[in-house]
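To start, the structure itself, in structure tokens.
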Amino acid sequence: MKFKLPVFISMFILGTMLFLSSEVKSATFTINVMNFAFSPANISVSVGDTIKWQYVSGNHTTTNNGSFGTSRPAGAPSWDAPINVGMLQYKYVVTVPGSYTYKCLFHSSMIGNFTATSPVINLNLSSIIEGFWNGATMVSDTVNVTLNKSAPPYEILDSAKVKLSSSGTGALTFSNAPGGSYFIVVKHRNSIETWSKLPVVFTSGGTENYDFTSAANKAFGDNLVFKDGKYTFYSGDVNQDESINLTDVIQIYNEATYFSAGYVVTDVNGDNITDLTDVLIAQNNANNFVSVVKP
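Using our numbering, read the sequence shown as starting at 496 and increasing by one per residue.
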């Protein structure tokens with residue numbers, strides 16, 4: 496008889512595997528402390544890497560404590576450690592990007608530098624806005640994309656904006672989030688906020704592709720509407736309360752009576768005028784009780 500794991504255990508194992516596979520790979524850089532020099536004296540590292548000062552000869556320190564001749568980025572921890580026959584090495588984990596200058600307290604000519612960068616992660620996004628799509632092209636508009644943590648309470652770790660092309664594509668760069676597993680969340684000025692089906696694994700310095708338009712199950716809860724060959728984000732949430740309802744319909748209708756024009760949230764089809772067409776899009780989705788679906 497075959498043994499079948501309960502669903503919640505299977506999901507836990509899958510989540511653990513995703514987390515482990517997405518850990519940022521850090522490196523250790525060794526700086527030899529000898530004679531009257533740090534060697535190498537200048538290096539480039541990444542946030543998360545470890546600097547190791549290794550004793551070779553002499554009696555020295557590695558010091559970056561705010562004293563004259565030392566500097567470090569705001570928020571970076573200071574350090575001051577002896578490097579000698581009694582203390583053969585000292586390790587420092589880099590947590591803040593920027594330029595660092597350190598010294599030996601005993602020898603004024605012994606100065607070292609390192610520069611830390613935070614590797615970015617990139618996303619090639621494909622997404623279509625229901626009201627802006629005519630079956631061939633989409634009215635280009637800006638969306639805000641966030642990377643949300645894969646576990647409750649799903650905090651936002653990074654965000655970026657992009658103006659989607661007429662085919663619904665856009666390239667985004669996130670400079671604050673390390674490699675990891677994140678939900679992709681797309682927000683548009685008058686559409687329903689939409690989450691990716693599952694967390695997506697990003698690698699520091701790498702690029703991931705995500706296409707919401709290819710299938711309903713690319714969104715959490717299959718929360719997409721099929722229109723003219725593409726799966727699209729529901730349009731009509733003009734007040735961004737995570738639901739398309741009578742409040743949105745009334746707001747659009749009121750603006751339509753005045754023929755409100757320009758870049759306004761009540762322009763649900765992107766033609767720069769609020770009219771009956773916009774009302775009908777929102778009314779249809781309100782009749783279907785469309786709202787945000789998220790973990």
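Cβ coordinates follow ideal geometry from the N, Cα and C atoms, glycine included. Keep in mind it's a predicted model, so treat the numbers as computed, not measured.
The region 738 to 756 in contact with the region 701 to 720 per 3-pair CB rule at 8 Å: no
Find the nearest neighbour of ASN639 within the set ALA655, GLY570, VAL695, judged by alpha-carbon distance. In the sequence shown, residue 639 corresponds to position 144, counting from 1. Residue ALA655 is the option with its Cα nearest to ASN639.
Would you call the region 532 to 552 and the region 568 to 579 touching, i.e. three or more CB-CB distances under 8 Å? yes
Would THR610 and SER539 qualify as a contact pair, given that the criterion is a beta-carbon distance under 8 Å? Here residue 610 corresponds to residue number 115 of the sequence shown, with the count starting at 1. Here residue 539 corresponds to residue number 44 of the sequence shown, with the count starting at 1. Yes, these two residues count as a Cβ contact at 8 Å.
Within 10 Å of its beta-carbon, does ASP736 have 16 or more other beta-carbons around it, so buried, or fewer, so exposed? On the sequence shown, position 241 is the one that residue 736 refers to. ASP736 should be labelled exposed.
Contacts around SER691, its chain only, beta-carbon distance under 6 Å, and the 5 residues preceding and following it disregarded: Within the sequence shown, the letter at position 196 stands for residue 691. The answer, listed in chain order, is PHE678, ILE679.
Beta bridge counterpart(s) of ALA777 as assigned by DSSP: On the sequence shown, position 282 is the one that residue 777 refers to. In DSSP, ALA777 forms no bridge with anything.
Cβ neighbour criterion (16 or more within 10 Å) applied to LYS598: Taking the first residue of the sequence shown as 1, we reach residue 598 at position 103. LYS598 is buried by the Cβ-count criterion.
State the Cα-Cα distance for the pair THR557 and LEU618, rounded to the nearest angstrom. Counting from one through the sequence shown, the residue named residue 557 turns up at place 62. Counting from one through the sequence shown, the residue named residue 618 turns up at place 123. Rounded to whole angstroms, THR557 to LEU618 spans 40 Å at the Cα level.
Check for me: the alpha helix (DSSP H) holding ASP653 runs from which residue to which? The residue you call residue 653 lines up with position 158 of the sequence shown. Segment 651 to 658 is the beta strand (DSSP E) holding ASP653; no alpha helix (DSSP H) there.
Output needed for SER670: all residues of its chain with C-beta closer than 6 Å, excluding positions within five of it in sequence on either side, in chain order. Counting from 1 along the sequence shown, the entry for residue 670 is found at position 175. So the list reads VAL615, once near-sequence residues are dropped.
Going by CA-CA distance only, name the one from THR742, TYR585, SER786 that's closest to VAL720. The sequence position of residue 720 within the sequence shown is 225, counting from 1. With distances taken between Cα atoms, VAL720 lies closest to SER786.
Neighbourhood of ASN530 by C-beta distance below 7 Å, restricted to the same chain and skipping five residues each side: Your numbering for residue 530 matches position 35 in the sequence shown. So the qualifying residues of the chain are SER552, GLY553.
In chain order, what residues of the same chain have a beta carbon less than 7 Å from the beta carbon of VAL774, not counting five sequence neighbours either side? On the sequence shown, residue 774 is found 279 positions in, with the first residue counted as 1. Only VAL744, ILE747, TYR748, ALA751 meet the Cβ criterion.
Which residue from SER534, PHE563, THR590 puts its Cα closest to that of LEU600? By one-based count along the sequence shown, residue 600 stands at place 105. Minimum Cα distance to LEU600 is reached at PHE563.
Report the CB separation of THR708 from SER622 in whole angstroms; it is logged as a contact under 8 Å. In the sequence shown, residue 708 corresponds to position 213, counting from 1. In the sequence shown, residue 622 corresponds to position 127, counting from 1. 6 Å between Cβ atoms; contact.
Using only CA atoms, which one of SER738, GLY701, PRO647 lies nearest to THR689? For the purposes of this step, residue 689 is taken as residue 194 along the sequence shown, with counting starting at 1. The shortest Cα separation from THR689 among SER738, GLY701, PRO647 belongs to SER738.
Using only the alpha-carbon positions, how far apart do THR771 and ASP706 sit? Indexing the sequence shown from 1 puts residue 771 at position 276. Indexing the sequence shown from 1 puts residue 706 at position 211. Reading off the sequence shown, one finds Leu at residue 771, where the question assumed Thr. Approximately 31 Å, taken between the alpha carbons.
Would you verify that the beta carbon of LYS644 is, or is not, closer than 8 Å to some beta carbon of chain D? Of the protein chains in the structure, only one exists, and it is not chain D.
Reference VAL681; option with closest CA among VAL760, GLY675, GLY665: Taking the sequence shown and counting its residues from 1, one reaches residue 681 at position 186. Out of VAL760, GLY675, GLY665, GLY665 has the C-alpha closest to the C-alpha of VAL681.
Note down the Cα distance separating VAL555 from ILE526, rounded to an integer number of angstroms. Working through the sequence shown from its first residue, we reach residue 555 at position 60. Working through the sequence shown from its first residue, we reach residue 526 at position 31. Here residue 555 turns out to be His, not Val, going by the sequence shown. Taking the straight line joining both Cα atoms gives about 13 Å.
Among the candidates GLY581, THR612, MET582, LEU741, whose CA atom is the shortest distance from the CA of VAL591? To locate residue 591, count along the sequence shown from 1; it is residue 96. Comparing Cα positions, the closest option is THR612.
Does ILE508 pass the burial test, meaning 16 or more other C-beta atoms within 10 Å, or should it be called exposed? To locate residue 508, count along the sequence shown from 1; it is residue 13. In this prediction, ILE508 has a pLDDT of 39, which is less than 50 and means its spatial position is unreliable; what the coordinates show is noted afterwards. ILE508 comes out exposed.
Rounded to the nearest angstrom, what separates THR702 and ASN734 at their Cα positions? Translated into the one-based positions of the sequence shown, residue 702 becomes position 207. Translated into the one-based positions of the sequence shown, residue 734 becomes position 239. Computed Cα separation, rounded: 33 Å.
Among TYR595, VAL788, GLY630, which residue has its Cα nearest to the Cα of GLY724? Position 229 of the sequence shown, counting from 1, holds the residue named residue 724. Closest by alpha carbon: GLY630.
Where HIS683 and THR637 are concerned, what is the direct C-alpha to C-alpha distance, given to the nearest angstrom? Along the sequence shown, one-based indexing puts residue 683 at 188. Along the sequence shown, one-based indexing puts residue 637 at 142. For HIS683 and THR637, the distance between alpha carbons rounds to 7 Å.
If you compare alpha carbons, which of ASN782, VAL696, THR698 is closest to SER730? Here residue 730 refers to the residue found at position 235 when the sequence shown is read from its first residue. The shortest C-alpha separation from SER730 is found at ASN782.
Between the C-alpha atoms of THR565 and MET605, what's the straight-line distance to the nearest angstrom? On the sequence shown, residue 565 is found 70 positions in, with the first residue counted as 1. On the sequence shown, residue 605 is found 110 positions in, with the first residue counted as 1. Each residue's alpha carbon lies about 12 Å from the other.
Which runs of the beta strand (DSSP E) at least 3 residues long sit entirely within the region 688 to 744? Give them in chain order. 695 to 697, 702 to 706, 720 to 722, 725 to 727
ALA666, DSSP secondary structure in three states: Here the question's residue 666 lines up with position 171 in the sequence shown. Residue state, collapsed to three classes: strand.
Identify, in the order they occur along the chain, each residue of the same chain with its Cβ nearer than 8 Å to the Cβ of MET582, setting aside the five sequence neighbours on each side. Along the sequence shown, one-based indexing puts residue 582 at 87. Closer than 8 Å at the Cβ level, and outside the excluded window around MET582, lie TYR550, ALA576.
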